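Chains as they are written, first to last, in the numbering used here: chain R, 131 to 338; chain H, 131 to 338; chain L, 131 to 338; chain P, 131 to 338. Just so you know, even glycine gets a beta-carbon here, dropped at the ideal spot from N, CA and C. In this text the structure is predicted, and so the values were computed from the model without any measurement. One structure below.
4 protein chains.
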Amino acid sequence: MSTDSPNRQDPEETARRSIGARRNPASQEAILDAAEAVLEEGGIAGFSIEAVARRARAGKPTIYRWWPHRTALMLDVYKRFKNAKAFPDTGSLRGDLVSFLGDHLLGFWHGSLCGTVYRAVVAEAQTDQEAAKVLNAYHDERMAHSVQIVDRAKSRGEVPQDTDGELIIGLVVSYAWHKLLLGQVEEAMEKVPRVVEVILKGVPGYRG
Amino acid sequence: MSTDSPNRQDPEETARRSIGARRNPASQEAILDAAEAVLEEGGIAGFSIEAVARRARAGKPTIYRWWPHRTALMLDVYKRFKNAKAFPDTGSLRGDLVSFLGDHLLGFWHGSLCGTVYRAVVAEAQTDQEAAKVLNAYHDERMAHSVQIVDRAKSRGEVPQDTDGELIIGLVVSYAWHKLLLGQVEEAMEKVPRVVEVILKGVPGYRG
Amino acid sequence: MSTDSPNRQDPEETARRSIGARRNPASQEAILDAAEAVLEEGGIAGFSIEAVARRARAGKPTIYRWWPHRTALMLDVYKRFKNAKAFPDTGSLRGDLVSFLGDHLLGFWHGSLCGTVYRAVVAEAQTDQEAAKVLNAYHDERMAHSVQIVDRAKSRGEVPQDTDGELIIGLVVSYAWHKLLLGQVEEAMEKVPRVVEVILKGVPGYRG
Amino acid sequence: MSTDSPNRQDPEETARRSIGARRNPASQEAILDAAEAVLEEGGIAGFSIEAVARRARAGKPTIYRWWPHRTALMLDVYKRFKNAKAFPDTGSLRGDLVSFLGDHLLGFWHGSLCGTVYRAVVAEAQTDQEAAKVLNAYHDERMAHSVQIVDRAKSRGEVPQDTDGELIIGLVVSYAWHKLLLGQVEEAMEKVPRVVEVILKGVPGYRG
DNA sequence: GCGTAACCGAGACGGTACGTCGGGTCTTCCG
DNA sequence: CGGAAGACCCGACGTACCGTCTCGGTTACGC
């Protein structure tokens, strides 16, 4: 991903220049690469527009021109990872949810930079009004996409037609968020089947 | 809570002084009051040690002396609200969970400053390693306290003795966090009974 | 000198902005003006980068960008006064030295801000290693310039060719420094002719 | 001098206590020792009341009680060195002045801590009004003492009775100050005889 | 012989200033 | 017109000392 900019740190490299009155894709790539690298090296705390600009050998205004907020930039970094987004149909709701929670959420965040990026975006959204909007929009879009899992279950007849898909997916996503933000992604991955089980069938042995 | 310091903004008020080689409670109160006020007026974005110091008419070093991080200060502000912490025994696990989620978590965060403070703490923990430790410690302590709800249900015979209380409480807390961090506390409050229902009894009509 | 910035204290004045990727002369002028004003009002003790920045409506980093030390800034203030630096040729070594000591050193320092600035620079150089270097460099440069007085005397035939100009000028400068740093510039001015006389002809009536 | 407090850095040493309603000489000694040590280790820049108090294991008020200014403290440190203050009578004014400048001033300042202390005092006097008074008083007292050199020369018949002793001594002291404050004490020591020669007999070969 | 006054250490207090970092804006110059 | 470069103002960061104050304890002196 960032392999196409091997000499970024070389200050003697011939600078990118304007390519006329239009967006220079090389600059955008370099900036995203730099953002990624900065996040990897310095973590969330070390992430700043200044640092990205330095690293990308770009001017700050160039970044601000195309990304209004740090958040927008982070989300773009995040999205570069999120290309294989189709949820595989495992044939059952339980399987789909286990895969969704274990692979698509926790597994995706675990280890890689993605978890860090997403944590940063969420954190930013608490501080900045604009960031919150961006995050909410992204979240809504992903939710709308993810309820397909429940829709598939409906068409299979596993759940009634009036099942509240958002609530179920919401519970799963909530669990993932919670563990991500507490830095407990790894521990959470072991519990995935039990979590899905509780959501689907309730507390085992509950007599209410 | 902060009503006992009515003249804080009066610059002519006789300044607080040292009361010897020990912590001055008046200063600590004033700082917490100021932190609260700053959060109320400026939100998370406007919260800074400088602003708190100015407002409290205190020196920055006095703040840093007693609170190593912004997070520690925020958590102390948060804790001042959290005095009535006993969970009322409603007589049933369902009732207890509804009360816990609806009153103790969402209800507590809703409207008041608490939600803002907690959001800020969570956000800070994403950025700062030390803050994360502080938040995790607090979270663990609250979790340990909250599983009492499930323990009570066990003694009532509502759930088996080997029920994983942490998982159940964890799901409830996760849901609350998620909604808090998305700024959807109010919307979430309506769904409380249905959320509890799903956690206790699973997806209605699920045939797995 | 600072008369061209009459409204500096008006906070409603439109702020200076960047004029591109190069030093903004207006800012530099404003900072020097402010430094001068701060020194005038608060004396050496009141002189701080913070105060200058406040007064100049400039950011501290802008000052630190261009002047690494307080000393460098003070020396620049000092130099703004030192434009008419030619020593008038009075036709005799005695006359030149009297003029040098009385007009160029003591007279220049007397009353005006210059004495204060120079005292500050010297004081700073005692504390700060970097400041000492800056002061020494300036001092060497001035000394090299001032020995011209003796050189002229040599070409006039007043003194032998092997006369140690530095020693003579050094004695004169030493006397001025001493009186400046003791706050006795005014008293010293009366003694100028006698001091020069002793340096040139020795202690009157000495039989050694 | 400071050898009588060998365990100063041992924190387990039993602390000094009050010895009743009077000054504790042990504390005063410890503070002067500490001041000396701090100056030796950190130079002028590292000298602060805090540092001295820490080092002396004394309370800041104890220092402020007995020395109103940093300057007063420094001067006391300085004076501890200045016990052998008698000027040896070398039998001639030239010899006395060479000894005074070379041994009593430059030689005394050279290498040892004294030069540092005196530089600090002079620097402080530029900033602080009170310090200036203290320094002036000390300077006047030393001057009054030093003119004895010229008085002796008068009684020897080397110079006329109306010779301005202060001016001559002043020139010598000025030269020493100048070199001290420029950090050129060592270089200056070589020039001592020539400086005295010029002061006594004027510029060699001058025909005015 | 007992209160009290002054000293001692310790360290917190409100402050000021330090020097640095980053934010977001602006302008110039080059292609 | 895009893009780099970098200066601009601003504000917050966390630290070091400042000089003052109050404390609890200790000792010597005067009543």
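The three-state secondary structure of Pro334 (chain R), taken from DSSP, is coil.
Three or more pairs of CB atoms, one per stretch, sit closer than 8 Å, so the region 208-224 of chain L contacts the region 242-251 of chain L.
Asn154 (chain P) is outside the set of residues whose beta carbon lies under 8 Å from a beta carbon in chain L. Residue state for Gln278 (chain L) is assigned as helix, using DSSP reduced to three classes. Residue nearest to Ala175 (chain H) within the set H:Asp233, H:Thr246, H:Ser276, H:Val303 is H:Thr246 (criterion: CA-CA distance).
Around the beta carbon of Gln256 (chain P), a 10 Å sphere encloses 16 or more other beta carbons of the protein chains shown; the residue is thus reported as buried.
The DSSP-derived three-state label of Gly221 (chain P) is coil. The shortest CA-to-CA distance from Arg147 (chain L) to any of L:Thr192, L:Gly172, L:Ala261 is the one to L:Thr192. Interface criterion not met: the Cβ of Gln158 (chain H) is under 8 Å from no Cβ in chain R.
Taking Gly241 (chain L) as reference, the option from L:Asn154, L:Glu317, L:Leu203, L:Leu162 with the minimal CA-CA separation is L:Glu317.
Identification of residues in the region 305-316 of chain R having a C-beta nearer than 9 Å to some C-beta of chain H yields Tyr305, Ala306, Trp307, His308, Lys309, Leu311, Leu312, Gly313, Gln314, given in sequence order. Ranking P:Asp281, P:Arg286, P:Ile299, P:Thr293 by CA distance to the CA of His269 (chain P) puts P:Ile299 first. Burial state of Ala186 (chain P) is buried, judged by a 10 Å Cβ sphere holding 16 or more other Cβ atoms. At a Cβ-Cβ threshold of 8 Å, Leu231 (chain L) and Val325 (chain L) count as neighbours. Where Thr201 (chain R) is concerned, the enclosing alpha helix (DSSP H) starts and stops at 200-211.
In the structure shown, Glu296 (chain P) adopts helical secondary structure according to DSSP, grouped into three states. Taking C-alpha positions only, Arg224 (chain H) is separated from Glu327 (chain R) by approximately 19 Å.
A Cβ of chain H is located within less than 8 Å of the beta carbon of Leu223 (chain R).
Restricting attention to R:Ala202, R:Lys309, R:Pro290, R:Ser157, the CA atom closest to the CA of Trp239 (chain R) is found in R:Lys309.
Against chain R, the beta carbon of Glu166 (chain H) has no neighbour under 9 Å; the closest one sits roughly 18 Å away. Close partners of Tyr208 (chain P) in chain L (Cβ separation under 9 Å) are lacking, with about 14 Å as the shortest Cβ gap.
The C-alpha of Ala181 (chain H) lies about 37 Å from the C-alpha of Leu301 (chain H). Neighbours of Arg324 (chain R) in chain H, taken as residues whose beta carbon is under 9 Å from its own, are Asp294, Leu297 in chain order.
Take Gly150 (chain L), set aside five residues on each side of it, and no residue of its chain has a beta-carbon closer than 8 Å to its own. Taking C-alpha positions only, Glu166 (chain R) is separated from Ser157 (chain R) by approximately 14 Å. Taking 8 Å as the threshold, the shortest C-beta distance from Thr220 (chain H) to chain R does not fall below it. Taking all protein chains in view, the Cβ of Tyr305 (chain P) is crowded by 16 or more other Cβ atoms within 10 Å, so the residue is classified as buried.
Going by C-alpha positions, Leu312 (chain L) is about 7 Å away from Ala262 (chain P). Taking 8 Å as the cut-off, the beta carbon of Arg152 (chain H) is found no closer than this to the beta carbon of Asp219 (chain H).
Glu288 (chain H) sits in coil when the DSSP states are folded into three classes, being neither helix nor strand. With contacts defined as CB atoms closer than 8 Å, Val303 (chain H) and Leu235 (chain H) qualify as a contacting pair. Distance from the CA of Trp307 (chain L) to the CA of Leu297 (chain P), rounded to the nearest whole angstrom, comes to 15 Å.
Under a 10 Å Cβ-count criterion, Ala216 (chain P) is classified as exposed, with fewer than 16 other Cβ atoms of the shown protein chains found around its own Cβ. In summary, the residues of the region 251-276 of chain R whose CB is separated from some CB of chain H by less than 9 Å are Val252, Ala253, Glu254, Ala255, Gln256, Thr257, Asp258, Gln259, Ala262, Leu265, Asn266, His269, in the order they occur in the chain. Ile329 (chain R) belongs to the set of residues whose beta carbon lies under 8 Å from a beta carbon in chain H. Within the region 177-203 of chain L, no residue has a Cβ lying closer than 7 Å to any Cβ of chain P.
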